[in-house]
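Input: a single structure, listed below in structure tokens.
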């Protein structure tokens, strides 16, 4: 293995480590502030950095800042902000206020396969048998996680409210990913994400004001631990994670990079145990194994079912984007 390849693999592993850490960071943030306030703080920082990066890359290549060409492109980019930033983070932060970081990481791990299924329904993409089996196995794993292995919980539908809310996160992300595929026909991944973060922040800010008006009391604030959590979410979990992920995809291809996503629930549970003192009970462990196994199975099926072109040079950035494996922002 060459030094360059080792560097790529290390960045991909660190990226999934950062993504796993977002569940812990969000859990810490919502202990000190309401969900919409925490989400607004996160994306005010992230959107500023992403827009600056987009402008820097554009000037580096001698181009102007990418601007939507007409109302249709603008509406598409706005829809990314609605689904991937506003709606996703609404359920992400609200769910993690009511459940554990471990459960959240294991539930959201089903993201890629749910995206594949919705793509099949919406974009008429074919779901092969391996993907179908992988989805069923992952769904079984999620059921075990949210029920804590209790048949009584399943029969009585007595689930933790946070777990049920977290189920909305993969759905929001799947919709964002499908819309993102259309946006990538006109914009680079970085530019599309920057616009999504910008529009999402514009929606989160008034939601935070409304949240404060309803809850009352003093304006929320963070301790230094809370601000560290926000900076982890914004800088490591969003900006650095995004850049490193697409660098890896651009150098080793989408199919090979996709395998690293399976590390996210493991890193999420590990950091939750070390930093929050959460304990992984046997049903969560078994459910997590089923979720990861299903995602891995479905990802392998996707890799075999399509030809993945390796990008050549900077101009191939869009071709490097994986169909059913997405960044977490």
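Residue numbers (the UniProt record's numbering): 1 to 329.
All residues carry an ideal CB built from backbone N, CA and C; glycine is no exception.
Here the structure is a predicted model, which is why all the values come from computation and not from measurement.
How big is the Cα-Cα spacing for residue i and residue j?
i	j	result
residue 16	residue 260	7 Å
residue 49	residue 239	7 Å
residue 51	residue 223	27 Å
residue 59	residue 134	43 Å
residue 184	residue 217	43 Å
residue 285	residue 61	47 Å
residue 190	residue 85	15 Å
residue 53	residue 193	11 Å
residue 264	residue 288	11 Å
residue 90	residue 7	35 Å
residue 273	residue 266	11 Å
residue 30	residue 329	17 Å
residue 57	residue 63	8 Å
residue 119	residue 176	11 Å
residue 354	residue 262	Nothing can be reported for residue 354, as the shown portion of the chain is limited to 1 through 329.
residue 297	residue 145	19 Å
residue 243	residue 79	22 Å
residue 130	residue 113	11 Å
residue 88	residue 250	26 Å
residue 143	residue 245	29 Å
residue 212	residue 4	49 Å
residue 271	residue 160	22 Å
residue 209	residue 132	43 Å
residue 77	residue 188	12 Å
residue 83	residue 214	24 Å
residue 139	residue 278	23 Å
Within this structure, are the beta carbons of residue i and residue j separated by less than 8 Å?
i	j	result
residue 294	residue 137	yes
residue 178	residue 122	yes
residue 43	residue 55	no
residue 280	residue 141	no
residue 101	residue 276	yes
residue 104	residue 23	yes
residue 207	residue 36	yes
residue 115	residue 174	yes
residue 232	residue 20	no
residue 229	residue 98	no
residue 18	residue 253	no
residue 73	residue 186	yes
For my contact list, residue i and residue j are in at a C-beta cut-off of 8 Å; report their separation, rounded to the angstrom.
i	j	result
residue 95	residue 165	4 Å
residue 93	residue 26	6 Å
residue 33	residue 226	7 Å
residue 234	residue 45	4 Å
residue 334	residue 204	Lying outside 1 to 329, the shown extent of the chain, residue 334 is not represented and no answer is given.
Which runs of the alpha helix (DSSP H), 4 residues or longer, sit entirely within the region 33-121? DSSP runs (the alpha helix (DSSP H)) wholly in the region 33-121: 35-60, 71-80, 88-98, 101-108.
Validate contact between the region 195-205 and the region 6-15 using beta carbons, cut 8 Å, 3 pairs: Contact between the region 195-205 and the region 6-15 is absent, because fewer than three Cβ pairs lie under 8 Å.
Three Cβ pairs or more, each shorter than 8 Å: is that satisfied between the region 66-74 and the region 167-181? When Cβ pairs closer than 8 Å are counted between the two stretches, the region 66-74 is seen not to touch the region 167-181, the count staying below three.
Sufficient close CB pairs (3 or more, under 8 Å) joining the region 168-176 to the region 105-112: Yes: at least three Cβ pairs fall under 8 Å.
Uninterrupted alpha helix (DSSP H) stretches inside the region 231-307 (no shorter than 4 residues): Counting only runs of 4 or more, we get 241-252, 254-258, 263-271, 282-305.
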